[in-house]
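Working notes, beginning with the structure itself.
Number of protein chains: 2
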Amino acid sequence: MLKYQHIADELENYIEEHKLQQGDKLPVLQDLMIQFNVSKSTVTKALELLEKKGVVFQVRGSGIFVRRHKRKGYISLTSSQGFKKTLEDFQITSKVIELDVRKPTKEAAFNLNISLEEDVYYVKRIRFIQGQTLCLEESYFKKSIVTYLNKEIITESIFHYITEGLGLSIGFADTFLHVEKLTAEEAQYLALKEGDPKLDVESIFHLSNGQPFDFSKVTYNYVQSQFFLQAVL
Amino acid sequence: MLKYQHIADELENYIEEHKLQQGDKLPVLQDLMIQFNVSKSTVTKALELLEKKGVVFQVRGSGIFVRRHKRKGYISLTSSQGFKKTLEDFQITSKVIELDVRKPTKEAAFNLNISLEEDVYYVKRIRFIQGQTLCLEESYFKKSIVTYLNKEIITESIFHYITEGLGLSIGFADTFLHVEKLTAEEAQYLALKEGDPKLDVESIFHLSNGQPFDFSKVTYNYVQSQFFLQAVL
DNA sequence: TTGATTAATTGTACCGGTACAATTAATATG
DNA sequence: CATATTAATTGTACCGGTACAATTAATCAA
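Here the protein sequences line up with chains S and Y, keeping their order.
Take the first sequence: its letter number 207 is residue 207 in the numbering used here, and every next letter is one higher.
Take the second sequence: its letter number 41 is residue 41 in the numbering used here, and every next letter is one higher.
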């Protein structure tokens with residue numbers, strides 16, 4: 001494992017375990033260098049990582065401080081799938097509605113940058129949070145990249161399978177949000193009424209080499225739709 | 001100006017001017033070092049910046065490539081106010097509804113981490129995009145930090161005034177999203193109907209030293225509510 | 001020509017260092 | 001005792017360098 005990754009993990013764990021609060025001070029750079037026996041730039045790199053993640057902020061001439069917001073139960077918009085990590089205290093389950101290999105819709109083909117003839121895995125599932133319907137999800141996976149999927153895999157974490165099982169490296173994602181009214185079909189799945197608010201989240205996921213491999217459309221139950229993001233400006 | 005900032009700007013302009021597309025290759029590190037006459041780490045730092053901004057992605061052993069999504073008219077969730085930069089082609093105007101110094105609501109006090117007795121500037125305004133109502137905004141600025149505001153300032157860019165006029169440095173923000181139904185009052189402002197969908201965006205802005213200085217609640221017209229964000233995973 | 005092997009390319013990890021800006025602490029000054 | 005000045009602290013910018021991993025290009029073998 002990379003040194004700076006390891007340091008970042010250690011620091012994050014430390015903050016978690018000691019229940020540090022916003023503004024609490026961490027050891028200074030010099031001390032961290034000694035503690036982990038690495039150079040200044042390696043510690044700096046670890047801290048940059050944590051800064052991006054919204055875990056700390058640094059103030060020149062002053063120190064390194066914990067950044068932690070007060071709200072719970074929000075889904076992170078910046079972590080890959082959103083779940084798992086940020087909502088680890090909450091019970092997330094899935095029910096698979098459909099799974100098959102097919103040709104993409106025009107929309108999916110456009111977003112994945114493929115032809116209408118190229119095969120994709122189509123996945124449709126509902127996700128529950130604490131038993132409540134959280135969202136309805138449709139995904140299109142480029143079959144040339146995600147060569148195999150089955151019900152067991154997609155009931156668990158697809159992304160975990162892609163990275164660990166297939167050995168692929170996920171790079172980045174473009175995410176688009178829309179607010180609209182629920183259609184009759186969607187309302188039924190989400191146990192809401194037609195015309196109720198909904199949040200549509202469309203994401204295009206890319207491998208580290210830039211290839212798009214997954215286009216997903218997720219419709220959220222507006223009651224459960226609480227999202228957050230931490231930006232460095 | 002910082003060297004790596006300058007390089008990042010230059011590269012971004014180059015991409016824009018030459019209308020480079022997703023996947024287009026930029027000069028390799030070595031060439032950029034020579035071109036800008038700086039060390040490897042400085043170029044790397046510039047590229048990290050652009051990577052965070054979602055402008056490029058790098059592939060080890062291969063090169064530096066342009067990252068550019070195809071959709072227009074989306075508001076960026078990661079840039080400070082969202083507007084100005086990403087929607088520069090669109091006409092954004094503001095109408096001030098209220099502006100005064102007052103005591104914060106319990107909610108504002110909580111989010112700004114201040115007492116109920118500390119003064120805040122309260123700003124309420126409507127923002128229009130191409131003449132259409134885009135959003136209704138309520139902001140609470142800590143008066144001890146943002147010492148003065150007037151109608152001219154808030155009709156233009158408040159953040160520009162805070163950085164340039166007051167010489168403050170904005171650090172980071174926590175942003176929370178909710179989807180709900182419009183109240184009667186909100187509906188009126190936004191020229192929509194009560195019960196229509198809305199997107200609420202609450203943000204807490206902090207200075208570089210970690211102090212929160214602005215809590216804002218923005219209610220978006222769902223028709224205009226198109227947001228995007230580019231994440232590195 | 002195909003496939004495997006090797007070599008060249010290219011970005012990333014990490015080191016050690018100097019200079020400096022912003023903050024904070026210490027000291028001097030009235 | 002408040003306030004201005006100076007000094008110490010602490011993070012950031014930037015340099016130059018070595019080693020190496022992932023990709024791509026070139027070469028060789030069958």
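For each residue, glycine too, the CB sits at the ideal point set by N, CA and C.
Please read all numbers here as calculations on a predicted model, not as lab measurements.
query: Y:I170 touches chain S at which residues, Cβ-Cβ below 9 angstroms?
result: L233
message: Using the Cβ count rule (16 or more neighbours within 10 Å means buried), how would you classify S:T147?
response: exposed
query: Among all the DSSP beta bridges, which residues are the ones paired with Y:H94?
result: Per the sequence shown, the amino acid found at residue 94 of chain Y is Ser instead of His. BP columns for Y:S94 point to Y:R127.
Minimum length 3: unbroken beta strand (DSSP E) runs contained in the stretch 21-63 of chain S: 56-59
- prompt: Hey, is Y:K85's beta-carbon within less than 7 angstroms of any beta-carbon in chain S?
  reply: Below a pLDDT of 50, predicted positions are generally treated as unreliable, and Y:K85, at 48, falls in that range; the measurement from the model is reported next regardless. Chain S, which has no Cβ nearer than 7 angstroms to the Cβ of Y:K85, makes this no.
task: Determine the DSSP secondary structure at Y:H69, reduced to helix, strand or coil.
output: coil
query: Per DSSP, what kind of secondary structure is S:Q188 in: helix, strand or coil?
result: helix
- request: Output yes if chain S places a C-beta closer than 7 angstroms to the C-beta of Y:T183; else output no.
  value: no
task: Determine the closest residue to Y:F215 out of Y:Q230, Y:Y140, Y:H69, with distance taken between C-alpha atoms.
output: Y:Y140
Cα-Cα separation between S:E138 and S:G210, rounded to whole angstroms: 22 angstroms
message: Which same chain residues end up closer than 6 angstroms to S:L26 when comparing Cβ atoms and leaving out the 5 residues on each side of it in sequence?
response: I64
- request: Could you run through the stretch 110-139 of chain S and flag, in chain order, every residue whose CB is less than 7 angstroms away from some CB of chain Y?
  value: none
- request: Please report the residue range of the beta strand (DSSP E) in which S:L199 lies.
  value: 197-207
- prompt: What does S:N150 reach in chain Y if we use C-beta pairs closer than 7 angstroms?
  reply: Chain Y residues near S:N150: none, gap ~24 angstroms exceeds 7 angstroms.
message: So for S:G167, helix, strand or coil by DSSP?
response: coil
Residues near Y:Q21 in its chain [Cβ-Cβ closer than 8 angstroms; skip 5 each side]: V66, R68
- prompt: What are the residues of the stretch 49-69 of chain S that lie near chain Y, defined by any Cβ-Cβ distance shorter than 8 angstroms?
  reply: K52, G54, F57, V59, S62, F65, R67, H69
- request: Taking only the alpha-carbon atoms, compute the straight-line gap between Y:N113 and Y:T175 and give it to the nearest angstrom.
  value: 16 angstroms
message: Within 7 angstroms of any Cβ in chain S, is that where the Cβ of Y:S157 sits?
response: no
- prompt: How should Y:A184 be labelled, buried or exposed, when 16 other C-beta atoms within 10 angstroms of its C-beta is the threshold for buried?
  reply: exposed
task: Assign Y:R71 to buried or exposed, taking buried as 16 or more other Cβ atoms, counted over all protein chains shown, within 10 Å of its Cβ.
output: exposed
field: Sufficient close CB pairs (3 or more, under 8 angstroms) joining the stretch 45-52 of chain S to the stretch 3-19 of chain S
entry: yes
query: What residue does the beta strand (DSSP E) around Y:T133 start on, and which one ends it?
result: 132-142
query: On the three-pair Cβ rule with 8 angstroms, is the stretch 189-205 of chain Y touching the stretch 98-117 of chain S?
result: no
query: What are the boundary residues of the beta strand (DSSP E) that S:D9 is part of?
result: No beta strand (DSSP E) holds S:D9; the alpha helix (DSSP H) holding it covers 3-17.
task: Give every residue of the same chain whose Cβ lies closer than 6 angstroms to the Cβ of Y:L32, excluding the five residues on either side of it in the sequence, and list them in chain order.
output: V43
query: Which partner residues of S:V120 appear in the DSSP bridge assignment?
result: S:R102, S:K142
query: Among residues of its own chain, excluding the 5 on either side of Y:Q58, which ones have a beta-carbon nearer than 7 angstroms to its beta-carbon?
result: L47, E51, I64
message: Can you find the residues in the same chain that come closer than 6 angstroms, C-beta to C-beta, to S:K85, ignoring five residues on each side of it along the sequence?
response: Any answer about S:K85 is weak, because its pLDDT of 48 lies below 50 and its placement is not dependable; what the coordinates show is given next. Hits under 6 angstroms: S79.
query: Tell me the DSSP bridge mates of Y:K151?
result: The partner list for Y:K151 (beta bridge, DSSP) is empty, contrary to what the question assumes.
task: Could you have a look at Y:L229 and say whether DSSP puts it in helix, strand or coil?
output: strand
field: Where the stretch 6-22 of chain Y meets chain S: residues whose CB sits under 7 angstroms from a CB there
entry: none
query: What residues from chain Y crowd round S:S144, counting only those whose CB sits closer than 9 angstroms?
result: Residues of chain Y passing the Cβ test: none, with the nearest at roughly 17 angstroms.
field: Proximal chain Y residues relative to S:E180, where beta-carbon distance stays under 8 angstroms
entry: P197, Y222
- request: Give every residue of the same chain whose Cβ lies closer than 7 angstroms to the Cβ of S:A187, excluding the five residues on either side of it in the sequence, and list them in chain order.
  value: K193, E194, D196
message: Between S:T175 and chain Y, is the shortest Cβ-Cβ distance under 7 angstroms, so that the two count as touching?
response: yes
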